[in-house]
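K.L.:
For the sequence shown, this note's numbering assigns the number 2 to the initial residue and increments by one for each residue that follows.
All C-beta atoms, glycine included, are put in the ideal place defined by N, C-alpha and C.
All of these numbers come straight from a predicted model, not from anything done at the bench.
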Amino acid sequence: MADKVADMRKEFRDEIRSLKDEIRRQVSQALENSGSSSIRVDLQKDDVAQAEPSFVVVKDLVRQIREDVKSSLATRGEIAVDELVDNMPETTAADLLKSLANTDRLKMVKMLYSTRKTFSDFKTATGLEAASVNNHLKSLLNMGLVSHSDEGGYEMTKRGRMLTRTLALMSEALGEEQVD
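(1) Would you report the Cα separation of residue 118 and residue 131, rounded to the nearest angstrom?
(2) Taking residue 150 as part of the alpha helix (DSSP H), name the residues at either end of that continuous run.
(3) Roughly how many angstroms separate the alpha carbons of residue 134 and residue 102, rounded to a whole number?
(4) From the DSSP output, read off the bridge partner residues of residue 157.
(5) With a threshold of 16 other CB atoms inside 10 Å of the CB of residue 137, please say whether the residue is buried or exposed.
(6) Taking only runs that begin and end inside the stretch 70-156, name each unbroken beta strand (DSSP E) of 3 or more residues, in chain order.
(7) Residue 128: buried (16+ other C-beta within 10 angstroms of its C-beta) or exposed?
(8) Three or more C-beta pairs under 8 Å: does that hold for the stretch 109-125 against the stretch 80-98?
(9) With a 10 Å radius around its C-beta and 16 neighbouring C-beta atoms as the bar for buried, classify residue 164 as buried or exposed.
(10) Quick one: measure Cβ to Cβ for residue 158 and residue 176, integer angstroms, because I've assumed they're closer than 8 Å.
(11) What residue from 98, 126, 121, 155 has the CA that sits closest to residue 171's CA?
(12) Around the Cβ of residue 89, are there at least 16 other Cβ atoms within 10 angstroms (buried) or fewer (exposed)?
(13) Give the single residue among 142, 151, 150, 174 whose Cα lies nearest to the Cα of residue 161.
(14) Relative to the C-alpha of residue 67, which residue among 25, 17, 149, 29 is closest?
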């Protein structure tokens, strides 16, 4: 995946470079055709009153370039996501989903999202017996979503944060839709 992201970045840089080169080429061509070192535009008095200041024109050009790049990114991003879906190992995805497919584990992950917690914190917040808390923590530890903290207790891993954020975004995107 990192290679794909690097390839996309290189491709975008190349596209921007190509756009800059095209603008330079057109300006050079205009300078060559005019036979001088500057470009002259003749405007009538009425035209000047209606003309936009150059900074407005430049701002519009920059806005248009940004929109083109965003559009290109969106298209390429969709293609990249489609490739990720095609290459997704089903067993790994299923294991990740199983690791959070329990309301008590979700509660524990949400607790860890903002700060480190102890075994006792989980027991108190969930109202579960020690054996159940232990089993849930084992599941989260085995999937690499939670780790033992150097200061004691448990903390969320990068992987855990990413999965929790993804789950929250999915939940928000799907909203209150009823499943048949």
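P.N.:
Based on what the coordinates show:
(1) 15 Å
(2) Run containing residue 150: none; DSSP gives neither H nor E here.
(3) 15 Å
(4) 147
(5) buried
(6) 147-149
(7) exposed
(8) no
(9) buried
(10) The Cβ separation is near 28 Å, so there is no contact.
(11) 98
(12) exposed
(13) 142
(14) 17
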